[in-house]
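The structure appears below as structure tokens.
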Amino acid sequence: ESHLTALREVMGVMQHHDAITGTEKQHVADDYARMLYEAFEACSANTRSALNQLTGERDSFKFDWGYCKQANVSACAMTESSDNLVVLLYNPLGHSSNDFVRLPVKEGNYLVRNDRGQTVRSTLIPIPGSVIDLPFRESEATHELVFQGEQVAPVGYKSYYVSKEESKSSSSAAVMRQ
Amino acid sequence: EDNVSIGNDHLTVHFDENGFMSQITIDGETHPLKQNFLYYEGAYGNNEEFRNRSSGAYIFRPNGTEKAVTDVVEIQVVKSDLVQEVHQIFNEWISQVIRVYAGQEHVELEWLVGPIPIDDSKGKEIISRFESDIKSEGTFWTDSNGREMLRRVRNYRETWELDLVEPVAGNYYPITAKIAVEDDHSRMAVLNDRAQGGSSLVDGQLELMVHRRLLRDDAFGVGEALNETQYGAGIVARGKHWLFFGSSQKAVSPTLQAKERFLQNKVLLPSWPFVSAVDNVLTYDDYL
């Protein structure tokens, strides 16, 4: 409850007219970013707990679920450095969704499988050079692994197992033309 | 030197010989549809009189008309079964990916703008502009904080005689979810992922302001120029626009507006992806 209240309080501050419109001084904007970050981090513990309860196998998940804060520069330390990942999609809408997922990864062959033992169609798309060359981006990801979530239930979730493979019979490489 | 196009079963987006988006084909009909990045230079005033304020955090006040950032765009085309993309480089500080996913009825544009250069000592306000042949007759629609669409008429206010001395800024409106134009045949709508200023300054056109960097305070109270920096350089912004183009006929079911509304829900409340590294912890069989 204290974690949730931290974010509630920050969201209260964010309703100030200067925060809404961006007419605050720069050091105030920086402070707003700090407050949001800390509250967001606190609530990640609640998110992890909720996910473990949703999946019903509380003891089997010994690892941390993460939502990458570097996604806006197509970077994620977890997806680009692990050979095996579980990706969970939570759909907050009141109707089913089939969003596409883009995971920053190194070049390679990846296999995406669902919870019914089926291979999910996926492809590797190069990250644009203008993103890779951003001076503050610290990432080894050169590509994004793209696949489509399949009819994720309203206010429900679906999970996928992503593994890096030796063979080339997994993710399809996109055809590129300059 | 071939004609470049990307698409799926529903639509095809065409590019001209200079790398700009130029046309869209939907239901067998091809319509002109250009997209480009342009910028306004921010006005510099002395801030002593109401009509002589600088462009700043509170007010958008361009100094004259817009300028295109380039005449030629460098492009790279990436095609796969799931998604087709054109990666565009407009200049050293503006690039964009235009993509069409399999089965989707919209076009996604992911723009990257910044750091906006100021070595010429001029503040700049960058826009993405879409040009179509829709005969909108001065009318366009903007959302009201994600809810109903409000009808806007260029150079006009409903409750008083308007003498507009700022023809660009005076026609700008807040866009928090969608802006659209239409005529009896066609409709074009652009959804955005954050609050932006937007307008339709010419019939058939839509524009959204994606980034701004200004060097003077506008004297409305903040006391600072809107000149954000990160790691010693101007800030870089990355975001998305989602473009719908199609028939404006209300007899078609579902209407384009209904599709836009569903997409608005999907893009503003997308699925949350959580990832977990399971090396040496969980095999696929364990996961099953």
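One line per chain: the protein sequences are P and F, in this order.
Taken in order, the first sequence gives residues 1 to 178; the numbers are from my numbering.
Taken in order, the second sequence gives residues 1001 to 1288; the numbers are from my numbering.
By construction, the Cβ of each residue, glycine as well, lies at the ideal position given by its N, Cα and C atoms.
At which residues does the alpha helix (DSSP H) containing residue i begin and terminate?
i	result
Gly12 of chain P	Ser2 to Val13
Asn1192 of chain F	Per DSSP, Asn1192 of chain F belongs to no alpha helix (DSSP H); it is in the beta strand (DSSP E), Ser1186 to Asn1192.
Gly129 of chain P	Gly129 to Ile132
Leu1226 of chain F	That residue, Leu1226 of chain F, is in no alpha helix (DSSP H); it is neither H nor E in DSSP.
Ala29 of chain P	Gln26 to Leu54
Lys1259 of chain F	Leu1256 to Leu1268
His17 of chain P	His17 to Thr21
Asp1218 of chain F	Here Asp1218 of chain F belongs to no alpha helix (DSSP H), and DSSP marks it neither H nor E.
Tyr1287 of chain F	Tyr1284 to Tyr1287
Quick one: list the residues of chain F neighbouring residue i, beta-carbon separation under 9 Å, in chain order.
i	result
Gln70 of chain P	Residues of chain F passing the Cβ test: none, with the nearest at roughly 12 Å.
Asp115 of chain P	Tyr1287 and Leu1288
Gly149 of chain P	Ser1271 and Pro1273
Thr142 of chain P	Chain F residues near Thr142 of chain P: none, gap ~13 Å exceeds 9 Å.
Along chain F, which residues have their Cβ under 7 Å away from the Cβ of residue i?
i	result
Leu54 of chain P	The premise fails here: Leu54 of chain P is roughly 11 Å from chain F at the closest Cβ pair, so nothing lies under 7 Å.
Cys43 of chain P	Here the premise fails: no neighbours, minimum Cβ distance about 12 Å.
Asn91 of chain P	Ser1271
Leu134 of chain P	Val1236
According to DSSP, residue i sits in a beta bridge with which residue or residues?
i	result
Gly1246 of chain F	F:Arg1187
Arg1151 of chain F	F:Trp1141
Asn84 of chain P	P:Ser163
Phe1037 of chain F	F:Ser1128
Thr1030 of chain F	F:Thr1025
Ile1098 of chain F	F:Val1086 and F:Leu1109
Val1181 of chain F	F:Met1188
Leu1208 of chain F	F:Ser1128 and F:Gly1198
Gly1234 of chain F	F:Thr1229
Pro1174 of chain F	F:Gly1197
Ala1277 of chain F	P:Leu85
Glu1074 of chain F	F:Ile1089
Pro1062 of chain F	F:Gly1042
Lys1067 of chain F	F:Tyr1039
Ala90 of chain P	The identity of residue 90 of chain P in the sequence shown is Tyr, whereas the question assumes Ala. P:Tyr157 and F:Trp1272, per the DSSP bridge assignment.
For residue i, does the count of other Cβ atoms within 10 angstroms reach 16, so buried, or fall short, so exposed?
i	result
Trp1111 of chain F	buried
Arg1194 of chain F	exposed
Lys62 of chain P	In this prediction, Lys62 of chain P scores a pLDDT of 49, lower than 50, which makes its location untrustworthy; no coordinate-derived value is stated.
Val112 of chain P	buried
Leu1288 of chain F	exposed
Ser1144 of chain F	exposed
Lys69 of chain P	exposed
Gln15 of chain P	exposed
Asp1120 of chain F	exposed
His1106 of chain F	buried
Ser1271 of chain F	buried
Leu1162 of chain F	exposed
Met1188 of chain F	buried
His95 of chain P	exposed
Val10 of chain P	buried
Val175 of chain P	exposed
Can you pull the chain P residues whose beta carbon is under 7 Å from the beta carbon of residue i, in chain order?
i	result
Asp1279 of chain F	Ser82, Asp83 and Asn84
His1087 of chain F	Pro128
Glu1017 of chain F	Within 7 Å Cβ-Cβ: nothing; Glu1017 of chain F doesn't reach chain P, min ~15 Å.
Just to make sure I have the definition right: I need the residues of chain P whose C-beta is within less than 9 Å of the C-beta of residue i. Which are they?
i	result
Leu1058 of chain F	Reading the sequence as shown, one finds Tyr at residue 1058 of chain F and not Leu. The answer, in chain order, is Thr21 and Thr23.
Asn1091 of chain F	Correct list: empty, because the minimum Cβ distance to chain P is about 10 Å.
Following the continuous beta strand (DSSP E) through residue i, name the residue where it begins and the one where it ends.
i	result
Ala1043 of chain F	No beta strand (DSSP E) holds Ala1043 of chain F; DSSP gives it neither H nor E.
Glu1085 of chain F	Val1083 to Asn1091
Ser163 of chain P	Tyr157 to Glu165
Glu1131 of chain F	Lys1124 to Ser1132
Tyr110 of chain P	Asn109 to Arg113
Arg102 of chain P	Phe100 to Val105
Ile125 of chain P	Ser122 to Pro126
Gly1007 of chain F	Val1004 to Gly1007
Gln70 of chain P	From DSSP, Gln70 of chain P is part of no beta strand (DSSP E); its letter is neither H nor E.
Val1252 of chain F	First-last for Val1252 of chain F: undefined, no H or E at that position.
Leu1011 of chain F	Leu1011 to Phe1015
Val146 of chain P	His143 to Gln148
Just tell me which of the options has its CA closest to the CA of residue i.
i	options	result
Leu1150 of chain F	F:Phe1245, F:Thr1142 and F:Gln1257	F:Thr1142
Gly1114 of chain F	F:Tyr1231, F:Glu1131 and F:Gly1204	F:Tyr1231
Arg1238 of chain F	F:Ala1277, F:Phe1274, F:Ile1134 and F:Gln1096	F:Gln1096
Leu1206 of chain F	F:Val1083, F:Gln1104 and F:Trp1242	F:Trp1242
Val162 of chain P	P:Val175, P:Glu150 and P:Leu145	P:Leu145
Val13 of chain P	P:Glu1, P:Ala29 and P:His3	P:Ala29
Leu103 of chain P	P:Gln118, P:Val131, P:Val87 and P:Gly117	P:Val87
Asn46 of chain P	P:Val73, P:Leu7, P:Glu166 and P:Thr79	P:Leu7
Asn91 of chain P	P:Ala19, P:Tyr37, P:Phe100 and P:Ala153	P:Ala153
Phe1020 of chain F	F:Asn1003, F:Ile1026 and F:Asn1171	F:Asn1003
Ala1135 of chain F	F:His1031, F:Thr1229, F:Val1222 and F:Ser1253	In the sequence on display, residue 1135 of chain F carries Lys and not Ala. Ranking F:His1031, F:Thr1229, F:Val1222 and F:Ser1253 by Cα distance to Lys1135 of chain F puts F:His1031 first.
Lys164 of chain P	P:Gly149, P:Ile127 and P:Val105	P:Val105
Ala1082 of chain F	F:Tyr1101, F:Val1072 and F:Ala1068	One detail in the question is off: residue 1082 of chain F reads as Leu in this sequence, not Ala. Out of F:Tyr1101, F:Val1072 and F:Ala1068, F:Tyr1101 has the C-alpha closest to the C-alpha of Leu1082 of chain F.
Tyr157 of chain P	F:Ala1277, F:Asp1285, F:Asp1009 and F:Pro1273	F:Pro1273
Starting from residue i, find everything on chain F with Cβ-Cβ shorter than 8 Å and list it in chain order.
i	result
Pro154 of chain P	Near Pro154 of chain P there are no residues of chain F at all, since even the closest Cβ is about 11 Å away, more than 8 Å.
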